[in-house]
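In terms of UniProt numbering, the sequence shown opens at residue 1 and continues consecutively.
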Amino acid sequence: MDSRTDIDTDRIDEAVLALLWLNLSTTGTAWKGFDWSAMDRLHERGLISDPARKAKSVHLTDEGMAEAERLFNALFARP
Numbered sequence: 001m002d003s004r005t006d007i008d009t010d011r012i013d014e015a016v017l018a019l020l021w022l023n024l025s026t027t028g029t030a031w032k033g034f035d036w037s038a039m040d041r042l043h044e045r046g047l048i049s050d051p052a053r054k055a056k057s058v059h060l061t062d063e064g065m066a067e068a069e070r071l072f073n074a075l076f077a078r079p
């Protein structure tokens, strides 16, 4: 059995979104060097711009920005 068959994609998406927040520029864009499936799911949820564009970065929506910051603090900030 492949250990990747029962992956919680919601948790993957949360980590990717949090890491996008870590890499934000002052323009609200972040490099899109993450798993394409996760990026597509975040786009479908309206949290980031379309990752299939030619640009090497994605734009976080207002909702995406707020959720990314919340997740970053929840997942990576020290207590």
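All C-beta atoms in this analysis are idealised placements derived from N, C-alpha and C, irrespective of residue type, glycine included.
If the criterion is Cβ atoms closer than 7 Å, does the pair S49 and K32 meet it?
For the purposes of this step, residue 49 is taken as the residue at position 49 of the sequence shown. For the purposes of this step, residue 32 is taken as the residue at position 32 of the sequence shown. Cβ atoms of S49 and K32: not closer than 7 Å.
Does the Cβ of L20 have 16 or more other Cβ atoms within 10 Å, making it buried, or fewer, making it exposed?
Here residue 20 corresponds to residue number 20 of the sequence shown, with the count starting at 1. L20 comes out buried.
Could you give the distance in angstroms between the alpha-carbon of F34 and the alpha-carbon of D40?
If you number the sequence shown from 1, residue 34 lands on position 34. If you number the sequence shown from 1, residue 40 lands on position 40. Spanning the two alpha carbons is a distance of roughly 10 Å.
Could you give the distance in angstroms between the alpha-carbon of K54 and the alpha-carbon of M65?
Mapped onto the sequence shown, residue 54 falls at position 54. Mapped onto the sequence shown, residue 65 falls at position 65. Each residue's alpha carbon lies about 22 Å from the other.
Name the two residues that bound the continuous alpha helix (DSSP H) containing T9.
The count along the sequence shown starts at 1 and reaches residue 9 at position 9. Per DSSP, T9 belongs to the alpha helix (DSSP H) from 9-22.
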